[in-house]
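Asker: Here the protein sequences come in this chain order: A and G.
All residue numbers for the first sequence refer to this note's numbering, where the first residue is 7 and numbers rise by one.
All residue numbers for the second sequence refer to this note's numbering, where the first residue is 6 and numbers rise by one.
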Amino acid sequence: MSSVLLEVKDLEVFYGSIQALQGISFVVHEGEIVTLIGANGAGKSTTMRAISGLIPVKRGEIIYKGQRLNKMPAHKIVRMGISHVPEGRQIFPNLTVMENLLMGAYTRTDKKEIEDSVGMVMERFPRLKERSAQLAGTLSGGEQQMLAMGRGLMGKPNLLILDEPSMGLSPLLVEEIFEIIKTINRQGTTVLLVEQNAYMALQVAHRAYVLETGRIVLSGNTAELQNDPRVRSAYLGEIA
Amino acid sequence: MEFLAQVINGLQLGLVYALIALGYTMVYGIVRLINFAHGDIFMVGAFVGYFGFTSWGLPFPLAILTAMVVCSILGVTIERVAYKPLRYAPKIAALISAFGMSLFLEYFCSLKFVFGPNFRVVKRPFEEIHWNLGGLTITNIQVMIFIVVVVMLIILQYLIFRTKIGMAMRSVSMDHNTARLMGVNVDNTISVTFAIGSAFAAVGGVLYAVAYPQIYPFMGIMPGLKAFTAAVLGGIGIIPGAVLGALIMGQVETMTSAYLSSQLRDAIAFSILILVLLIRPTGILGRTETEKV
């Protein structure tokens, strides 16, 4: 097994007095696609937001490349090589497609290298190239998702966090997005994927953790989990 | 000719309002807060500029620059002290804090060992020159205001649309958390916005002191409210809107004084505020914000 890139230990997060995460632990190894699946409100997005520093950690540890991220502000965590593509895409609607991509490279300074990255992203998402001067708010849902992922890649991350990339997309587009996730991973980026679409997530990921009300209830290789009766009934829509 | 002369007077006033209105609109754009202390920053700018080119004997451009620096620091401090702790609290809390800050500045500056409560007549750093262009009189002060404001607007446009910090400001104005995920230091970006807005108000203050040569610690209230009205009229949060609104306000005010009655001037100016809020709260250039799920 390759080395550990991200380790989350006994993570607890509160929203006011409500405990959203009740001590969850998991690891992501370099080169993997790991997915967190679970129903609405299980704590998947909360976990992601805690890792990227958007919400404070109450107890527990988040260790990335051997460094503690707990108290680090979000804008510094990005510089460690973590790109978080948030739920609902959150592109900047009044910036152009090109400006959105450049925002993704905000932490980088080498103009030439940034241009190369723009070229690379445009190649992967040809639709963005056609629309590079257009305001991002005018894009369709699928195009916005591609822009959000492209923007995430512009940071040249070691770890790409994708929160619900398939949300609100047509089945065809969902297939396309997951194909792209696989390609990105093959080219060396570790992916932490949060999905409600457990079926697709279990197909692309190597390992999975199942979250229920702030706790991890199951974990393992996706091949095993796909055959686990509990997963099949709860998340793959099979009648037990 | 008389009418044209009034248009020019209105333009002079409107351009000064524009410098103040920009600060309101930029700050609103980035933290969704009406900085009611902004008019008082304008007042401090007027005083610092005045001391600069009188007591301290600075050349006029250097006096403006000093006022800009002092007000930038003041603006950033106000944000850190009075608004930042309330940034994610209910909006009304920050608004009340803004009123408190405004009153504090007015009364603090009225203290004897600060600026003192009295009106001061501003001795201009240069003589006013009248030029007669075929019956139409314009002054060197009007020309100076026009040039300074246009240059400032060009600089602002460049800053916001052509620089990295400008892009960061625009991204923060849309979404704080997503900007953070891009690596933007949101606190610093907000500080920069306050600094720029306050520097613009400072220039407005110095120009105002030269054009209407009388200053006192409460002088910021009226121009502040007029500029706020201008920002709302143009569409709060929208930069060209602030300039457009300010130019309209300058004309309305001047025309009311010239052709109706100067007593009606403020009443009509603020009727515009009420009408805009009733009929088109997003302002002339504003779009209706759609709530996203």
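By construction, the Cβ of each residue, glycine as well, lies at the ideal position given by its N, Cα and C atoms.
Would you kindly report the start and end of the unbroken beta strand (DSSP E) that includes H90 of chain A?
Answerer: Residue numbering aside, residue 90 of chain A sits at position 84 when the first sequence is read from its first letter. Here the beta strand (DSSP E) through H90 of chain A covers 88-91.
Asker: Measure from the C-beta of G110 of chain A to each C-beta in chain G and report whether the shortest distance is under 8 Å.
Answerer: Looking up residue 110 of chain A in the first sequence gives position 104. Taking Cβ atoms only, chain G reaches closer than 8 Å to G110 of chain A, which makes this a yes.
Asker: The beta strand (DSSP E) spanning S225 of chain A covers which residue range?
Answerer: What you label residue 225 of chain A is simply residue 219 of the first sequence in a count that begins at 1. From DSSP, the beta strand (DSSP E) with S225 of chain A extends over 221-227.
Asker: Under 8 Å, do H81 of chain A and R185 of chain G count as touching if we go by C-beta distance?
Answerer: Mapped onto the first sequence, residue 81 of chain A falls at position 75. Mapped onto the second sequence, residue 185 of chain G falls at position 180. It is a contact, given that the beta carbons lie within the stated cut-off.
Asker: What are the boundary residues of the beta strand (DSSP E) that Q28 of chain A is part of?
Answerer: Along the first sequence, read from residue 1 onward, the residue named residue 28 of chain A stands at position 22. Looking at the DSSP string, the run of the beta strand (DSSP E) that includes Q28 of chain A is 24-35.
Asker: How long is the line joining the alpha carbons of F56 of chain G and R85 of chain G, rounded to whole angstroms?
Answerer: Reading the second sequence from its first residue, position 51 is the one you call residue 56 of chain G. Reading the second sequence from its first residue, position 80 is the one you call residue 85 of chain G. So the alpha carbons of these two residues sit roughly 27 Å apart.
Asker: Can you tell me whether T295 of chain G is helix, strand or coil according to DSSP?
Answerer: Start at 1 with the first residue of the second sequence, and residue 295 of chain G comes out as number 290. Bear in mind that the predicted position of T295 of chain G carries a pLDDT of just 48, short of 50, making it too unreliable to give a figure here.
Asker: Per DSSP, what kind of secondary structure is F259 of chain A in: helix, strand or coil?
Answerer: Past the boundaries of the shown model lies residue 259 of chain A; chain A is included only from 7 to 246, so the question cannot be answered.
Asker: Only counting the same chain, and skipping five residues up and downstream in sequence, which positions put a Cβ closer than 7 Å to that of Q11 of chain G?
Answerer: Walking along the second sequence from the start, residue 11 of chain G turns up at place 6. The answer, listed in chain order, is T259, M260, A263.
Asker: Around the C-beta of F104 of chain G, are 16 or more other C-beta atoms found within 10 angstroms, so that it is buried, or is it exposed?
Answerer: On the second sequence, position 99 is the one that residue 104 of chain G refers to. The residue is exposed, with fewer than 16 neighbouring Cβ atoms inside 10 Å.
Asker: Could you check which residue in A:K64, A:P79, A:G37 has the C-alpha nearest to that of I24 of chain A?
Answerer: Taking the first sequence and counting its residues from 1, the one referred to as residue 24 of chain A is at position 18. With distances taken between Cα atoms, I24 of chain A lies closest to A:K64.
Asker: The stretch 169-185 of chain G: which residues have C-beta closer than 9 Å to a C-beta of chain A, in chain order?
Answerer: If the cut-off is 9 Å between Cβ atoms, the stretch 169-185 of chain G has K169, M172, A173, R175, S176, S178, M179, D180, N182, T183, A184, R185 near chain A.
Asker: Along the chain, where does the beta strand (DSSP E) that runs through E84 of chain G open and close?
Answerer: Against the second sequence, residue 84 of chain G aligns to sequence position 79. No beta strand (DSSP E) holds E84 of chain G; DSSP gives it neither H nor E.
Asker: Check the C-beta distance from F205 of chain G over to M157 of chain G and give it rounded, since I have them as a contact under 8 Å.
Answerer: Walking along the second sequence from the start, residue 205 of chain G turns up at place 200. Walking along the second sequence from the start, residue 157 of chain G turns up at place 152. Going by Cβ atoms, the distance from F205 of chain G to M157 of chain G rounds to 6 Å, so yes, they are a contact pair.
Asker: What is the rounded straight-line gap between the Cα of Y93 of chain G and the Cα of N182 of chain G?
Answerer: Walking along the second sequence from the start, residue 93 of chain G turns up at place 88. Walking along the second sequence from the start, residue 182 of chain G turns up at place 177. Distance between the alpha carbons of Y93 of chain G and N182 of chain G: 12 Å.
Asker: Are at least three pairs of beta-carbons, each pair with one atom in the stretch 132-143 of chain A and one in the stretch 102-116 of chain A, less than 8 Å apart?
Answerer: Touching, yes, given that three or more Cβ pairs across the two stretches are closer than 8 Å.
Asker: Going by C-alpha distance, which of G:N137, G:F52, G:P64 is nearest M2 of chain G?
Answerer: Residue 2 of chain G lies beyond the stretch modelled for chain G, which goes from 6 to 298, so this question has no answer here.
Asker: Between A111 of chain A and M155 of chain A, is the Cβ-Cβ spacing less than 8 Å?
Answerer: Here the question's residue 111 of chain A lines up with position 105 in the first sequence. Here the question's residue 155 of chain A lines up with position 149 in the first sequence. For A111 of chain A and M155 of chain A, no; Cβs fall outside 8 Å.
Asker: From what residue to what residue does the beta strand (DSSP E) around G44 of chain A run?
Answerer: Within the first sequence, residue 44 of chain A is the residue found at index 38, counting from 1. Run containing G44 of chain A: 39-44, per the beta strand (DSSP E) assignment.
Asker: For chain A, is any of its Cβ atoms less than 8 Å away from the one on M31 of chain G?
Answerer: As a first step, residue 31 of chain G must be located in the second sequence, where it is residue number 26. It does not: the Cβ of M31 of chain G has no partner Cβ on chain A nearer than 8 Å.
Asker: Closest by CA to Q151 of chain A, which one among A:E93, A:V197, A:T195?
Answerer: Stepping through the first sequence from its first residue, residue 151 of chain A is reached at position 145. Among A:E93, A:V197, A:T195, the Cα nearest to that of Q151 of chain A is on A:E93.
Asker: The alpha helix (DSSP H) that contains R157 of chain A, what's its start and end?
Answerer: Here the question's residue 157 of chain A lines up with position 151 in the first sequence. R157 of chain A -> alpha helix (DSSP H) spans 147-159.
Asker: Determine the direct distance from the alpha carbon of P228 of chain G to that of L212 of chain G, and round the result to whole angstroms.
Answerer: As a working mapping, residue 212 of chain G is identified with position 207 in the second sequence. As a working mapping, residue 228 of chain G is identified with position 223 in the second sequence. Cα to Cα, the separation comes out at about 13 Å.
Asker: A214 of chain G: buried (16+ other C-beta within 10 angstroms of its C-beta) or exposed?
Answerer: One-based indexing of the second sequence puts residue 214 of chain G at position 209. With 16 or more other Cβ atoms within 10 Å, it is buried.
Asker: Would you mind working out which of A:I57, A:P62, A:K117 sits nearest S89 of chain A, comparing C-alpha positions?
Answerer: The residue given as residue 89 of chain A occupies position 83 in the first sequence. For S89 of chain A, the nearest C-alpha among the options comes from A:I57.
Asker: Taking only beta carbons into account, state which residues of the stretch 67-80 of chain A come closer than 8 Å to chain G, listed in chain order.
Answerer: Answer set for the stretch 67-80 of chain A: P79, A80.
Asker: Measuring only the C-alpha atoms, how far is G147 of chain A from G174 of chain A?
Answerer: Your numbering for residue 147 of chain A matches position 141 in the first sequence. Your numbering for residue 174 of chain A matches position 168 in the first sequence. Answer to the nearest angstrom: the Cα atoms are 7 Å apart.
Asker: Where does L63 of chain G fall in DSSP's three states?
Answerer: Looking up residue 63 of chain G in the second sequence gives position 58. If DSSP states are grouped into helix, strand and coil, L63 of chain G belongs with coil.
Asker: When the Cα atoms are used, what is the spatial distance from I195 of chain G to P79 of chain A?
Answerer: Your numbering for residue 195 of chain G matches position 190 in the second sequence. Your numbering for residue 79 of chain A matches position 73 in the first sequence. In a straight line, the C-alpha of I195 of chain G is about 16 Å away from that of P79 of chain A.
Asker: Tell me, which residues are paired with N137 of chain G by DSSP?
Answerer: Along the second sequence, one-based indexing puts residue 137 of chain G at 132. Bridge partners of N137 of chain G: G:T142.
Asker: Look at the Cβ atom of F233 of chain G, then the Cβ atom of I46 of chain G, and state whether they are nearer than 8 Å.
Answerer: Within the second sequence, residue 233 of chain G is the residue found at index 228, counting from 1. Within the second sequence, residue 46 of chain G is the residue found at index 41, counting from 1. For F233 of chain G and I46 of chain G, no; Cβs fall outside 8 Å.
Asker: Could you give the residue range of the beta strand (DSSP E) that holds T196 of chain A?
Answerer: Taking the first sequence and counting its residues from 1, the one referred to as residue 196 of chain A is at position 190. Segment 196-201, the beta strand (DSSP E) holding T196 of chain A.
Asker: Determine the direct distance from the alpha carbon of K162 of chain A to that of A204 of chain A, and round the result to whole angstroms.
Answerer: Indexing the first sequence from 1 puts residue 204 of chain A at position 198. Indexing the first sequence from 1 puts residue 162 of chain A at position 156. Distance between the alpha carbons of A204 of chain A and K162 of chain A is about 27 Å.
Asker: Grab the span of the beta strand (DSSP E) containing I69 of chain A for me, first residue to last.
Answerer: For this step, residue 69 of chain A is matched to residue 63 along the first sequence. Counting along the chain, the beta strand (DSSP E) containing I69 of chain A begins and ends at 65-70.
Asker: Distance, Cα to Cα, L79 of chain G vs F275 of chain G?
Answerer: Here residue 79 of chain G refers to the residue found at position 74 of the second sequence. Here residue 275 of chain G refers to the residue found at position 270 of the second sequence. Answer to the nearest angstrom: the Cα atoms are 28 Å apart.
Asker: Under a three-way DSSP split, which group does V248 of chain G fall into?
Answerer: Within the second sequence, the letter at position 243 stands for residue 248 of chain G. If DSSP states are grouped into helix, strand and coil, V248 of chain G belongs with the helices.
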